[in-house]
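So the structure is just underneath, and the comments pick up after that.
In full-length UniProt numbering, the protein residues as written are 1 to 162.
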């Protein structure tokens, strides 16, 4: 009795057909996988931008809340401190989109713009920083619309002064 070690021809043909089936499955499922992952990646990116904007607004508001009372009472020094707070927020948010102009954050001391307290030499009770900019979609073009999703962040802290 002799035994053959060679495989039958039909097994090798079946293996070749299985490779073709895997390629067809990949061609069908890959677009579905990409359509499922794209919104998840986009939402994660939006939340990352929102978190960075919130941190930038908090840092700028924290700086403004620690400006000395003498600086807050002086119109020119209060405006200078406000410009520093705006620069703090702009630099932190600029890391999200290098080379793009994100816009200028707004800083308010109480209900007025810092340095313009209605002619009074009073200090504010709170400091508020607003940061707003759009998140554009660089991967899918106009998926988010022509202006993108708008991020609006507001951070209010009590003025403590020094």
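Cβ atoms here follow ideal geometry from the backbone N, Cα and C, with glycine treated the same way.
Unbroken alpha helix (DSSP H) runs of no fewer than 4 residues, entirely contained in the stretch 46-129, are found at 69-73, 75-94, following chain order. For residue 153, the beta-bridge partners assigned by DSSP are 131. Across the set 147, 123, 110, the C-alpha of 110 shows the shortest separation from the C-alpha of residue 129. Out of 104, 150, 157, the CA that lies nearest to the CA of residue 126 is found in 157. A direct Cα-Cα distance of roughly 16 Å separates residue 80 from residue 62. By the criterion of a C-beta distance shorter than 7 Å, residue 58 is surrounded in its chain by 155, once the five residues flanking it on both sides are discounted. Within the model, the alpha-carbon separation for residue 53 versus residue 21 is close to 48 Å.
With a 10 Å radius around the Cβ and a threshold of 16 neighbouring Cβ atoms, residue 160 comes out exposed. Restricting attention to 97, 88, 95, the CA atom closest to the CA of residue 107 is found in 88. When the beta-carbon positions are compared, residue 60 and residue 105 come within less than 8 Å of each other. In this structure, the CA atom of residue 134 is about 5 Å from the CA atom of residue 148. As the crow flies, the alpha-carbon of residue 25 is around 34 Å from that of residue 48.
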